[in-house]
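**Student:**
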Amino acid sequence: SLKQLLEWQFAHWDLLSAQFPALPAGAASRSERAMALEKLNLPLRSQVDDWARFQLIDNHPEWVEEAFQTARFAQQTLSFSAGRVDAHYVRDPEEFEQMLELASLGEEKALQYLSSYKDGNSAFYRI
């Protein structure tokens with residue numbers, strides 16, 4: 662919810678202002694922080710909110726699992742050629758290929774990685 666997002670932003674202001682220099686690190690009160698967020702132009706505010714939302718989600722992986730339980734899935738095909746993955750949502754092809762190999766061997770960490778793959782800060786995929 663928007664309230665949870667704002668609470669996270671206020672509580673983690675140091676992280677937020679380090680990631681986005683347009684936010685004043687010295688904003689100590691909730692009202693100063695709220696005002697700083699309101700002053701951002703719309704594209705930057707969207708970036709700040711998206712980044713914070715994914716940080717919040719990283720702390721609650723159960724939310725991703727719950728969303729996958731009700732999501733409508735679309736099947737897509739991945740192409741591999743000469744060590745290159747042809748998929749727009751793969752941010753690090755080498756790491757992705759390594760995780761696929763480890764998952765095929767039953768490596769738990771790789772299976773978890775692929776069960777809620779994140780393409781940076783825009784979407785999750787179950788592979």
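Sequential numbering of the sequence shown, starting at 662, is according to the numbering used here.
Where is the CB? At the ideal position from N, CA and C, for every residue including glycine.
A quick note: this is a predicted structure, and the numbers were derived from the prediction, not measured.
Under 8 Å, do SER678 and ALA686 count as touching if we go by C-beta distance?
**Tutor:** Their beta carbons are under 8 Å apart, which means SER678 touches ALA686 by this criterion.
**Student:** Quick one: give me the first and last residue of the alpha helix (DSSP H) that ILE718 is part of.
**Tutor:** It spans 703 to 719 - the alpha helix (DSSP H) in which ILE718 sits, taken as one unbroken run.
**Student:** What number of angstroms, rounded off, separates the C-alpha of LEU848 from the C-alpha of ASP711?
**Tutor:** Nothing can be reported for residue 848, as the shown portion of the chain is limited to 662 through 788.
**Student:** Given that a residue counts as buried once 16 or more other Cβ atoms are within 10 Å of its Cβ, and exposed if not, what is ALA713?
**Tutor:** When all chains shown are included, ALA713 counts as buried.
**Student:** What separation, rounded to the nearest whole angstrom, lies between the Cα atoms of LEU663 and LEU717?
**Tutor:** Taking the straight line joining both Cα atoms gives about 12 Å.
**Student:** Do you know how far the Cα of LEU763 is from the Cα of GLU693?
**Tutor:** Cα to Cα, GLU693 sits roughly 47 Å from LEU763.
**Student:** Could you pull out every residue in the same chain whose Cβ sits closer than 7 Å to the Cβ of TRP666, ignoring the five residues on either side in sequence?
**Tutor:** Residue identity check: residue 666 is Leu in the sequence provided, not Trp. Closer than 7 Å at Cβ, skipping near neighbours: ASP710, ALA713, ARG714 and LEU717.
**Student:** Can you grab the Cα-Cα spacing for the pair GLU758 / SER776, in whole Å?
**Tutor:** Approximately 14 Å, taken between the alpha carbons.
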